[in-house]
Structures are given as C-alpha cells and as structure tokens.
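2 protein chains.
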Amino acid sequence: MTRRTFHREPEAVRQNDLIAATLDSVAELGLAGATVREVANRAGVTPGLIRRYFDNKERLVAAAYRTFIADLIETAAAGCGDGPAHTRLAGLIRASVTAPVADGRTLSIWAAFIGTVNSDPVMAEVHREGYQAFRDLVEQLVGECLREGGTDTSQQTIRQQAIVLNALLDGLWIEISMGGDDFSRVDVVRIALDSTATLLGIDPAEFRE
Amino acid sequence: MTRRTFHREPEAVRQNDLIAATLDSVAELGLAGATVREVANRAGVTPGLIRRYFDNKERLVAAAYRTFIADLIETAAAGCGDGPAHTRLAGLIRASVTAPVADGRTLSIWAAFIGTVNSDPVMAEVHREGYQAFRDLVEQLVGECLREGGTDTSQQTIRQQAIVLNALLDGLWIEISMGGDDFSRVDVVRIALDSTATLLGIDPAEFRE
DNA sequence: GCAGTAATTAATCAAGTGTATAATTTCAGA
DNA sequence: TCTGAAATTATACACTTGATTAATTACTGC
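If you want it as structure tokens, here you go:
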C-alpha cells in the first residue's frame, strides 16, 4: 500500500484553502458539521495538516469567521464607488440587498457564527472588530448625505439615523437572504432605496440609480 | 451504594423542563454545548430519560426551537393589547425592542437555531411555521393603521410596507440585543416608534405612548 | 397496606471528535 | 544528482457524543 501523493503549497494558499473549506462546511452542514476531518476532505488534505497551520480548531474557526466578515464588508463597501454621498450610499444599499451579500449561503454562515458569540469570547472579539467597520461606514455616509442635503444635523441625530438605517439594512438583508418572501417579482433594490430615502428625509428621486 | 432518589413528574412538566434546560444550554454554551448530558444535568435528570420523552436529540432540539419561537412571538404580541391599530402597533414595537424580547440571551438562542435552518430540513420547517405568524401579525397591523389614517392603500403597498417595517424591527431587535451600541442613554422605544411613523407616513405624535 | 405498572436510573456501547506524533514524501539548493 | 529540511500523510489515542438496555425505584389503584 503506497501513500497518497501530494504537492506542497505556499503557506498563504493552504491557509486560504482551509478557511474556504471551513466556510463551505459551515454553510452546507452547519457549524457542527465543520469537523476537522470534513474540512480536511474538502481541502483535499489530511486532518493532521490542519494543525500545522492552525493551533486549534478554535483558531481555524475564528480565522474563518474573520475573513468571512472582512470579505462581506469589503464586497458591500465595494458597491459604493465614488461620487457624491447620495450615490455612494445608494451603492452600499444596493450591494447589501443583492447577491452575493444577500444570499442564503451567506446568511447561514453568518448565523452559525453569531450563535457562538455569546458563549465564545474569541468569537465575540472577532465579531466586534468586524461590525465596527460596517457601522462606521454607514454612519459616515449618512453624515455626508445629511450635510449634502443642507439640513443642519447634530452628531447625535446623525448617529441615531445611522443606527436606524443600519438596522433597516440588516433586517432587509436577513429577510431577503432567508428567502421566505417571494422577492422574485419585487424590486428589492427599489424598496430598500425608497425606504432609506423616507427614513433620512431625502428626495427619493436622487436615489434612483 | 444506593441509587439517587427521584420523583416522578407529569409528562408535560418533564417535557417543559427538558426544553427549558435545552434552551438554557444553548444560550450559555451554544448549540454544540447542548449535549444530552448537559441538558439532563440542568434538568436534574439522567441522560437516558430524555429518550423517553423525545425520540432523538434532533426532536428535542426541534421542540425547543418550536416553543422558543412561539413564546417569543407570544410575548411580543402580548404587547399589543387592544384599542386602535396605532396603539396596538406601537405596543408591538415597544415589546419588540425591549426585554425580554430584545435581550442577549434571546438573540443567542435565535442565532444558534437560525444557523441550522439551512442544513436541517426539520429546523427549516419549524422556522417557517414560526415566522409566518409574526409576519402576518405585522402585515395586518400595518394594513389597519394605513386604513385608519385614511390613505387609500392597495394590498400590494401594504405588503411592501409590512416587509420594510418587519425588517426594521428585526434589525433594531438584533442591534439592541447584540449590545454593541450603548443604548443605555438612548430611548430605543422612541427611536423605534419615530422611525416607524416616518416609514409609514403616520403622525409621530399618535405613536407616543 | 400491597401489587403492578410506569418512570427513572445506572451502566454500557459503538461511532465520531480533536489532538498528538512518527513515518514518509516532496522540493529547493548545492 | 544528491541531500537536507520542511510539508504532508498515516496511525493512534483519549475523550465525548448519542443511543441502548436492564435493573431499580416511585407512585397509582385496589
């Protein structure tokens, strides 16, 4: 009986493969299904190898969560482009309620990880870091938008508006990703943009992309 | 060595205890921590007994999820009371963004369960049943509110408004429950009511409780 | 009080888990 | 071409998991 052949990979590549395999496992089988063996199989690798790149399974999972959130926010933020604040905010909203951000797979992974935040301090820290970035982005865009609109806006009201808008986006994202409603016939982007405009007191016409 | 003493309980009581112990385990240790032994310990019972009341661990978890959602919606709906639609909707909103509905423990359990919906058909069905109830409730209240306001409202716009409001409530609920923001100095009920009024085009004054 | 029934415990099993380590293989550099 | 070092595999271990079954206990009805 001969050993299976293999070929070496740079450290970064192997790490990425293992993280990708972890996220696939979580998406399809749940967090409980993301066993060391399952992840190794999907990465085309032997279980023992994981230990060379991640001290623990806990570290692997935390790393997977970290890159997952970072990618998610980056993808959403990439929808901003440049231009006036209205346009950038509209881009962010559009990206947040359409694939690949709004998507069943993404939601599954997100929920599985969120479910651990309360009982796992490491995951809690990873979570905190990631979400701060998105909330700050929303708050800044909201601030610019309101100032562009000419309204005088205290920092406190900007903050409150950002909280509300953030909540709306989260909620829409969940509803759409969950797939309970039949959104196939509905223009989710239009709904998201219009309700945002209403919430912020902006002229909806400026929001049409 | 003598056996530990025990006393019998009616079937319904034991089932409730086991479900409660399951939810406690999930909240504090995550879904992975809700082992048969952990649940049994918390219920003051021996692992083997679980099988007498639930065929599988899967059934136990599904039952726990079912009662969790049912209780959650019931608690929120209880905030409605009676009276004009405006008042009932305001009550629902208030209940949704304050304890015990908006609460870290509740969110943890919710997220842990949601994370399984995509990979577990049984949990998916339980989930679907539960959420339909809440969405229908919101849609009905929104419909009544808009009609009370005198606006002519097609069923389609009612539906869209309900989707958006539902999303806003979900998002606020998550933000508040997550505890990332410092909501201690902020009146979350006021924010939720005002933004709802803005969204539905209702006079905010009618929403102050 | 007493017997029978049903609930509960205790003990055990096979399977799967994360982890550890030694044996192998690949590959870069001389 | 050859050698040394690093990556990868293979194997094994201790532990936990969900599940099963027989022995024991508590309670109900007579």
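For the protein sequence lines, the chains are A and B, in the order given. Take 1 as the starting number for the first sequence in my numbering and just add one per residue. Take 1001 as the starting number for the second sequence in my numbering and just add one per residue. Where a beta carbon is used, it is the ideal one built from N, C-alpha and C, also for glycine. Predicted model only: the values in this text are computed from it and were never measured.
Contact annotation: in the stretch 181-202 of chain A, residues whose CB is within less than 7 Å of a CB in chain B are 181, 191, 195, 198, 199.
The DSSP-derived three-state label of residue 1080 of chain B is coil. Residue-level contact check: residue 31 of chain A touches chain B, since one or more beta carbons of chain B fall below 8 Å from its beta carbon. The CB of residue 112 of chain A comes closer than 7 Å to the CB of 1115 in chain B, given here in chain order.
The closest CA to that of residue 176 of chain A, considering only B:1178, B:1173, B:1163, B:1181, is found on B:1163. For residue 54 of chain A, there is no enclosing alpha helix (DSSP H), as DSSP gives it neither H nor E. Neighbours of residue 128 of chain A in chain B, taken as residues at a C-beta separation under 9 Å, are given in chain order as 1180. Chain A places no beta carbon closer than 8 Å to that of residue 1069 of chain B, leaving this residue out of the contacts.
Residue 161 of chain A counts as buried, since no fewer than 16 other beta carbons sit within 10 angstroms of its beta carbon.
Between residue 1064 of chain B and residue 1050 of chain B, the gap from beta carbon to beta carbon reaches 8 Å or more.
In terms of beta-carbon proximity, residue 174 of chain A lines the interface with chain B, with at least one pair separated by less than 8 Å.
Chain order gives no chain A residues near residue 1056 of chain B, where near means a beta carbon separation below 9 Å; the closest approach is about 14 Å.
For the set B:1110, B:1137, B:1109, B:1115, the Cα lying nearest the Cα of residue 111 of chain A is the one of B:1115. For residue 135 of chain A, the uninterrupted alpha helix (DSSP H) run begins and ends at 121-148, by DSSP. Contact with chain B is found for residue 131 of chain A, since one of that chain's Cβ atoms lies less than 8 Å from the residue's Cβ.
For residue 17 of chain A, no CB of chain B lies under 8 Å from its own CB, so it is not counted at the interface with that chain.
In terms of Cα proximity to residue 1094 of chain B, the closest of B:1107, B:1103, B:1105, B:1080 is B:1080.
A distance of 8 Å or more separates the beta carbons of residue 1085 of chain B and residue 1169 of chain B. By the beta-carbon neighbour count (other beta carbons within 10 angstroms, threshold 16), residue 1120 of chain B is buried. Between the C-alpha atoms of residue 1074 of chain B and residue 1151 of chain B there is a straight-line separation of about 30 Å.
The Cβ-Cβ distance between residue 1118 of chain B and residue 104 of chain A falls below 8 Å. When C-alpha distances from residue 71 of chain A are compared across A:30, A:131, A:124, the shortest belongs to A:131.
Proximity to residue 1180 of chain B across A:8, A:157, A:167, A:23 peaks at A:167, based on C-alpha coordinates. Taking a C-beta cut-off of 9 Å against chain B, none of the residues of the stretch 82-94 of chain A qualify. For residue 1030 of chain B, the number of other beta carbons within 10 angstroms of its own is at least 16, and it is reported as buried.
Taking all protein chains shown into account, residue 1034 of chain B has 16 or more neighbouring C-beta atoms within 10 Å of its C-beta and is therefore buried.
Under a criterion of Cβ atoms nearer than 7 Å, the residues of chain B adjacent to residue 28 of chain A are, in order, 1119. DSSP places residue 1194 of chain B inside the alpha helix (DSSP H), whose first and last residues are 1188-1200. Among the residues facing chain A, residue 1160 of chain B is included, as its CB has a counterpart in that chain under 8 Å away.
By the rule that beta-carbons nearer than 8 Å mark a contact, residue 1103 of chain B does not touch chain A. In its chain, beyond the 5 residues on either side, 1139, 1142, 1143, 1146 have a beta carbon closer than 7 Å to the beta carbon of residue 1158 of chain B. Below the 7 Å Cβ cutoff, chain B contributes no neighbours of residue 24 of chain A, its closest Cβ being approximately 12 Å away. About 6 Å separates the beta carbons of residue 1057 of chain B and residue 1036 of chain B, which is inside the 8 Å limit, making them a contact pair. Neighbours of residue 1164 of chain B across chain A, judged by C-beta separation under 8 Å: 168, 172, 191, 195. When B:1100, B:1023, B:1003 are compared, the shortest CA-CA separation from residue 1062 of chain B is found for B:1023. Under the Cβ distance rule, residue 1108 of chain B counts among the residues neighbouring chain A, one pair being separated by less than 8 Å.
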